[in-house]
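Numbering-wise (our numbering), the sequence shown opens with residue 177 and increments by one.
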Amino acid sequence: MEMDERTLSFTTLTELVPLGLFSVLLLIMICPLNIMYRASRFPMALCDQLTSQVQLLRTVKFYICYYGWGDFKRRSNTCNQSSLYEFLNIFIPIIPYWFRLLQCMRQGLEQKDYGPAMNGLKYLSTIVAVVTRTLYVQRKGTTMRIIAATSLGVATSFNTYWDMVKDWGLLCKDSKNPWLRDKLMLPSKSVYFVVIVVMNVILRLAWMQTVLDFHETPWLH
Numbered sequence: 177m178e179m180d181e182r183t184l185s186f187t188t189l190t191e192l193v194p195l196g197l198f199s200v201l202l203l204i205m206i207c208p209l210n211i212m213y214r215a216s217r218f219p220m221a222l223c224d225q226l227t228s229q230v231q232l233l234r235t236v237k238f239y240i241c242y243y244g245w246g247d248f249k250r251r252s253n254t255c256n257q258s259s260l261y262e263f264l265n266i267f268i269p270i271i272p273y274w275f276r277l278l279q280c281m282r283q284g285l286e287q288k289d290y291g292p293a294m295n296g297l298k299y300l301s302t303i304v305a306v307v308t309r310t311l312y313v314q315r316k317g318t319t320m321r322i323i324a325a326t327s328l329g330v331a332t333s334f335n336t337y338w339d340m341v342k343d344w345g346l347l348c349k350d351s352k353n354p355w356l357r358d359k360l361m362l363p364s365k366s367v368y369f370v371v372i373v374v375m376n377v378i379l380r381l382a383w384m385q386t387v388l389d390f391h392e393t394p395w396l397h
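This is how it looks when you write it as structure tokens:
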């Protein structure tokens, strides 16, 4: 972490400002009182939001290291020297997907329906992809590269299939709108095919790139 020489005279107290802001946001997010749009912070909706904010969550591990290790007093960064930091690099990004997996499993058991359980497999495949990708970055090696690439392919395919078929309703043969769902909000069917087949795939690939933190594909940024 490089510091601007013009800010070297800042006091330790100023380094605590980001931690204070982060703490306030965290308290608002988990506040059980019926204030600050509690309905929007309902657990399932919250987990859905967090699954799209994995890149942001990755900064949490830096907060833990920077403030927990006391680096903020010295304005230095010794995070990469810790094995705990490597563990947090794996653990923190998978938290939202783990919660959504548990929610899907519980919903499937309560409703006695395999649909939510299949949706849970989508999050499980993402967890495996994130873990194997991070382990490959940390340890390298041909074997880990193959495992990471395989898990990435499975997770991307599963997530894309679920988006297109389950969420968008593509390939519904018995629908009154061929290959689409019965109820459509837009009169032009071609719009749905462009959005589902083209835009959804591009955006899903870009999303997976942020989730897995791939730097080998900068064109997806």
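Ideal placement from N, C-alpha and C gives every residue a C-beta, glycine not left out.
Check                                                                                                                                                                 : Outcome
Can you give the Cα-Cα distance for Thr336 and Leu379, rounded to whole angstroms?                                                                                    : 10 Å
Cutting at 8 Å between CB atoms, please list the residues of its own chain near Leu233, excluding the five before and the five after it.                              : Leu226, Ile268, Pro269, Ile271, Pro272
So, for Asp289: in the same chain, excluding its five sequence neighbours on each side, which residues have a beta-carbon less than 6 Å away from its beta-carbon?    : none
Ordered along the chain, which non-local residues of its own chain (more than five positions away) have a Cβ less than 6 Å from that of Phe248?                       : Glu191, Tyr242
Ignore the nearest five residues each way along the sequence and tell me which others in Asn295's own chain have a CB closer than 6 Å to its CB.                      : Cys280
Gln229 to Trp355, Cα distance in whole Å?                                                                                                                             : 32 Å
Between Ser364 and Val370, what straight-line distance do the alpha-carbon atoms span, to the nearest angstrom?                                                       : 11 Å
Return the chain-ordered list of same chain residues with a C-beta closer than 8 Å to the C-beta of Thr386, the five sequence neighbours on each side being excluded. : Val230, Gln231
Could you tell me the alpha carbon to alpha carbon distance between Ala325 and Val306, rounded to whole angstroms?                                                    : 11 Å
Given this structure, state the Cα-to-Cα distance separating Leu346 from Ile372, to the nearest angstrom.                                                             : 8 Å
Secondary structure at Lys352, three-state DSSP: helix, strand or coil?                                                                                               : coil
Measure the C-alpha to C-alpha separation of Ile303 and Leu362 and round it to an integer number of angstroms.                                                        : 35 Å
Name the residue from Leu264, Asn265, Phe263, Phe238 whose alpha carbon lies nearest to the alpha carbon of Ser252.                                                   : Phe238
Between the alpha carbons of Tyr261 and Asp343, how many angstroms are there, rounded?                                                                                : 36 Å
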